[in-house]
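The opening residue of the sequence shown carries number 1 in this note's numbering; numbering runs sequentially from there. No residue lacks a Cβ here, since even glycine has one placed at the ideal position from N, Cα and C.
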Amino acid sequence: MDLNKAKHAFVTGGASGIGLGIARALSRRGLAVTIADVNEEALAQVCAADPALSGVVLDTRDRQGWQRVKHEAQGARGPVDVLVNNAGIAPNGSSFADMDPASYDRIIAINLGGVANGVFAFAADMRARGVGHIVNTSSQAGLIASIPGVGAYSVAKYGVTALSESLRVELAPHGVGVSVLCPGYVQTNLAENTMRLGGELRGDGMAMPVSTVTPDLVGDMVVEGIETDALYILTHPDAWPGIAKRCEKLRAACELRERASA
């Protein structure tokens, strides 16, 4: 998408972390940016510090809330050209055998359902106008599941990856692009946001690694991905080895079936 022709972006989880990094990057390209967040206090602070950003309070699980903020944002700044479904919470650190079902439901509802709700709210309008780009935040855990205690999170993020791949096929003939952002560890306040929404953090011995990748760097990567119409946007150079192992196992399974049917 040519961002020089885009006027309005809508970013969820935009009051902190990766969402704020993406919002700032899009704002630097001249777009009016509406940031949505469940944290009303953080939203007010960010918008007061940067008048180029306007804020709306939204829990992405709330479909009626999506219609409310859509009407508010587009009434103030016009049709949304770029939608970034970024809001999410952290893994809960539990194995499936020990997991509280309510914790599982919360992770799926926010990390996958919230993304789908954003698509439900804006995709048809973009298709009708024949212009736009949607970025959905998945994770490296949405490309390979290999870490204990991240299972529910991976289920949600694999879902976001699949949603994005399918949506891209559906919208491409109509001039609308779709990218899926698959970050590794990034310097964010994901833990605090998770606790605010009633979630649990990862268990003993599973502390979040220190990262040198900042939200602003990710924001620049997302801008580049939108402009080049990239399907996958990855943030870390060490992602491929793990993904390759999964791909090799899939290829081996296909080759086995081919030999058996020969």
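Does the separation of the CB atoms of residue i and residue j fall below 9 Å?
| i | j | result |
| --- | --- | --- |
| GLY55 | ASP81 | no |
| LEU234 | GLN140 | yes |
| ASN86 | GLY151 | no |
| ALA32 | GLY88 | no |
| MET1 | ILE226 | yes |
| LEU231 | SER164 | yes |
| VAL222 | VAL46 | no |
| LEU112 | VAL155 | yes |
| ILE169 | PRO215 | According to the sequence as given, residue 169 is Val; it is not Ile. It is not a contact, given that the beta carbons lie outside the stated cut-off. |
| SER94 | SER103 | yes |
Just tell me which of the options has its CA closest to the CA of residue i.
| i | options | result |
| --- | --- | --- |
| ALA49 | ARG24, GLN64, GLN67 | ARG24 |
| SER211 | GLY225, GLY184, MET221, VAL222 | GLY184 |
| PRO91 | ALA44, PRO148, ALA15 | PRO148 |
| ALA239 | LEU181, ALA42, ARG259, GLY225 | LEU181 |
| ALA123 | SER94, LEU43, GLU224, PHE10 | PHE10 |
| LEU273 | ARG106, ALA6, ALA42 | Outside the displayed span of the chain (1 to 262) sits residue 273, for which this structure offers no information. |
| GLY75 | CYS254, THR34, SER261, ARG168 | THR34 |
| SER116 | PRO101, THR161, SER94, GLU72 | Sequence inspection shows Ala at residue 116; the Ser mentioned does not correspond to that position. Comparing Cα positions, the closest option is THR161. |
| GLY17 | PRO51, ASN39, HIS8 | ASN39 |
| GLY159 | SER146, LEU43, ASN136, LEU171 | ASN136 |
| GLY118 | HIS71, GLU72, ARG63, LEU3 | ARG63 |
| SER146 | ILE243, ASP229, TYR104 | ILE243 |
| ALA172 | ILE134, HIS236, TYR153 | ILE134 |
| ALA73 | MET99, HIS8, ALA102 | HIS8 |
| ILE107 | HIS71, LYS157, ASP98 | LYS157 |
| PRO237 | VAL213, ALA97, ASP105 | VAL213 |
| ASP125 | HIS71, LYS249, ASP105, GLY142 | HIS71 |
| GLY142 | ARG246, PRO51, LEU256 | ARG246 |
| THR101 | SER138, TYR153, GLY65 | The sequence shown places Pro at residue 101, rather than the Thr named in the question. For the residues SER138, TYR153, GLY65, the minimum Cα distance to PRO101 belongs to TYR153. |
For chain B, is any of its Cβ atoms less than 9 Å away from the one on residue i?
| i | result |
| --- | --- |
| LYS7 | Here chain B cannot be found, since the structure has a single protein chain. |
Since residue i and residue j should fall inside the 8 Å C-beta cutoff, what is the C-beta to C-beta distance between them, to a whole number of angstroms?
| i | j | result |
| --- | --- | --- |
| GLY114 | THR60 | 3 Å |
| GLN67 | ALA109 | Not really, about 18 Å apart at Cβ, beyond 8 Å. |
| THR12 | LEU53 | The pair is not a contact, with the Cβ atoms about 13 Å apart (cut-off 8 Å). |
| GLN3 | ARG29 | Reading off the sequence, residue 3 comes out as Leu, not Gln. Right, the Cβ-Cβ distance comes to about 5 Å (below 8 Å), so this counts as a contact. |
**OP:** Give, in chain order, every unbroken run of the alpha helix (DSSP H) that is at least 4 residues long and sits entirely within the segment 103-190.
**Re:** 114-129, 151-171
Original post:
For the segment 160-177 against the segment 129-143, are there 3 or more C-beta pairs whose distance is under 8 Å?
Top reply: yes
**OP:** Please list the segments of the beta strand (DSSP E) lying wholly inside the segment 9-94, counting only runs of 3 or more residues, in order along the chain.
**Re:** 32-37, 53-57, 82-85
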